[in-house]
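Structure, as structure tokens:
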């Protein structure tokens with residue numbers, strides 16, 4: 028069994044958690060490859076982290092191998108794959124879980140997806156009446172969504188059967204453990220970044236702001252290779268790069284990543300442009316594609332929405348509603364370029380100018396004025412935690428005196444679309 032096929036089938040197994048939400052679009056470009064997945068954990072890609080009790084959404088794209096050798100190298104390269112079937116979730120009489128199993132890495136407890144608030148809405152393009160069946164040589168996708176109700180870092184094991192025919196049909200069962208999903212607790216409000224400058228000898232620093240009421244028993248910082256670089260609320264960054272912070276309390280352990288420290292003293296010529304595919308009305312099918320020139324060595328890209336939330340990494344970002352976005356690109360020597368004010372639009376009437384919020388910065392009170400009738404609003408921290416929300420009123424007064432200092436995003440939605448404004452709370 029080759030490692031790529033194991034990853035492929037692991038991602039396939041996630042499709043078994045089907046539920047009755049909207050389907051994703053089968054639109055990922057795998058190029059000339061015969062099979063593949065996106066995101067691909069072999070090259071360091073992963074699904075977005077989730078937040079406890081907050082809506083979660085991501086998309087898995089999958090290209091099924093056309094031949095059995097793509098699943099198991101012991102089979103002839105000319106033997107076609109008939110289908111791959113993901114086994115239904117089940118628990119036997121001895122309490123052993125099968126199907127798609129989530130195992131908490133820290134406690135060793137096991138769950139099915141529905142046990143932790145996650146569902147997957149697959150799209151097999153109607154190729155089989157069995158929603159767990161996927162045909163060889165075809166491309167599919169699955170929308171991963173729900174509201175996670177249990178925090179933790181989960182490893183997933185997948186039970187599948189791959190079918191082929193040599194004189195008569197036969198199947199080969201496999202179980203794989205190649206993917207993980209992290210559901211965080213809302214432990215932080217954000218991280219302040221101070222960039223380095225090699226010309227004047229300034230080192231970079233990272234400082235985490237804990238959410239109100241959070242008492243950390245341990246705070247640890249890690250670089251992109253997973254090596255710990257320090258502990259405590261602040262850490263000095265010797266080598267610029269991408270970093271994460273792990274916060275541990277008596278009740279939860281969560282890791283938050285994607286903060287980039289750059290060297291502002293470097294002489295850089297790297298440029299980046301973004302190609303925008305706008306969304307159709309009522310559809311989350313907008314996309315962004317990045318073109319980078321003059322980078323030194325490999326580069327990484329981190330995508331953000333208009334409120335500063337990390338949406339994903341890599342060359343493309345898909346499944347987008349209308350909104351504002353930005354991307355930060357960093358190459359192997361620390362050069363960086365940021366593309367801001369990227370807009371994905373629809374044919375819907377723009378409601379951005381219909382409301383405003385003041386004062387900004389806000390101290391003890393934030394007034395939201397001119398809200399469209401029937402709209403809903405939410406004030407959200409940079410890591411997805413909703414600190415205040417409401418519906419139906421044209422004017423709202425939000426008491427902000429007990430909110431932590433920092434940048435927030437005010438989100439307003441109605442039947443015309445979704446708009447955002449950044450709000451700074453500063454006491």
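In our numbering, the protein residues as written are 28 to 454.
Beta carbons: idealized from backbone N, C-alpha and C, even for Gly.
Taking just the CA atoms, how far does residue j sit from residue i?
i	j	result
residue 446	residue 261	34 Å
residue 247	residue 53	39 Å
residue 413	residue 189	43 Å
residue 292	residue 163	51 Å
residue 222	residue 235	15 Å
residue 43	residue 148	Below a pLDDT of 50, predicted positions are generally treated as unreliable, and residue 43, at 41, falls in that range; no measurement from the model is reported.
residue 178	residue 339	20 Å
residue 135	residue 214	23 Å
residue 68	residue 415	36 Å
residue 122	residue 308	47 Å
residue 301	residue 361	20 Å
residue 48	residue 266	Low confidence applies to residue 48: its pLDDT is 47, below 50, so where it sits in the model is not reliable, and the reading given next is rough at best. Straight-line Cα distance between these residues: approximately 44 Å.
residue 225	residue 114	55 Å
residue 318	residue 392	42 Å
residue 402	residue 305	23 Å
residue 271	residue 126	32 Å
residue 169	residue 454	44 Å
residue 104	residue 363	44 Å
residue 241	residue 166	44 Å
residue 249	residue 137	28 Å
residue 458	residue 77	For the chain, the structure presents residues 28 to 454; residue 458 sits outside this window and is missing.
residue 142	residue 173	11 Å
residue 263	residue 157	54 Å
residue 335	residue 146	26 Å
residue 154	residue 386	55 Å
residue 57	residue 316	14 Å
residue 377	residue 101	Interpretation of residue 377 is limited by its pLDDT of 44, a score under 50 that renders its predicted location unreliable; no figure is taken from the coordinates.
residue 365	residue 202	42 Å
residue 124	residue 196	27 Å
residue 59	residue 255	39 Å
residue 397	residue 426	18 Å
residue 448	residue 119	51 Å
Please identify the residue among the options whose C-alpha is closest to the C-alpha of residue i.
i	options	result
residue 406	397, 399 and 424	424
residue 200	112, 143, 141 and 208	112
residue 359	387, 318 and 295	295
residue 107	225, 273 and 191	191
residue 152	144, 255, 275 and 161	161
residue 383	65, 363, 404 and 366	404
residue 140	120, 159 and 116	116
residue 171	85, 393, 330 and 73	85
residue 81	454, 194, 156 and 212	212
residue 144	196, 83 and 109	83
residue 198	392, 393 and 110	110
residue 220	427, 165 and 290	290
residue 243	274, 397, 253 and 249	274
residue 441	421, 431 and 429	421
residue 279	58, 245, 357 and 330	245
residue 285	397, 357 and 202	357
Are residue i and residue j close, meaning C-beta to C-beta below 9 Å?
i	j	result
residue 439	residue 399	yes
residue 462	residue 389	The structure shown has nothing for residue 462, since the chain only spans 28 to 454.
residue 61	residue 95	no
residue 175	residue 79	yes
residue 287	residue 259	no
residue 298	residue 320	yes
residue 90	residue 63	yes
residue 238	residue 216	yes
residue 345	residue 55	yes
residue 314	residue 343	yes
residue 150	residue 51	yes
residue 408	residue 433	yes
residue 332	residue 218	no
residue 180	residue 282	yes
residue 395	residue 430	no
residue 66	residue 341	yes
residue 330	residue 337	yes
Is the closest heavy atom of the ligand FMN to the C-beta of residue i under 8 Å?
i	result
residue 200	As for the ligand FMN, it is missing from this structure, which has no ligand bound.
query: Does the region 125 to 142 come close enough to the region 175 to 192 to have 3 or more Cβ pairs within less than 8 Å?
result: They touch, by the three-pair rule.
message: Any contact between the region 342 to 352 and the region 362 to 370? By contact I mean 3 or more CB pairs, one from each, below 8 Å.
response: yes
message: Is it the case that the region 203 to 211 contacts the region 226 to 234, given that we only count it when at least three CB pairs across the two stretches are under 8 Å?
response: no
- request: Go through the region 45 to 111 residue by residue and report every complete run of the beta strand (DSSP E) that reaches 3 residues or more, in order.
  value: Every unbroken stretch of the beta strand (DSSP E) spanning 3 or more residues and falling wholly within the region 45 to 111 is given here in chain order: 63 to 65 and 83 to 90.
message: As an exercise, report each continuous beta strand (DSSP E) stretch of at least 3 residues that is fully enclosed by the region 113 to 154, in chain order.
response: 127 to 131 and 145 to 150
- request: Any chance you could list the beta strand (DSSP E) runs of at least 3 consecutive residues sitting entirely within the region 339 to 364, in chain order?
  value: 343 to 347 and 350 to 358
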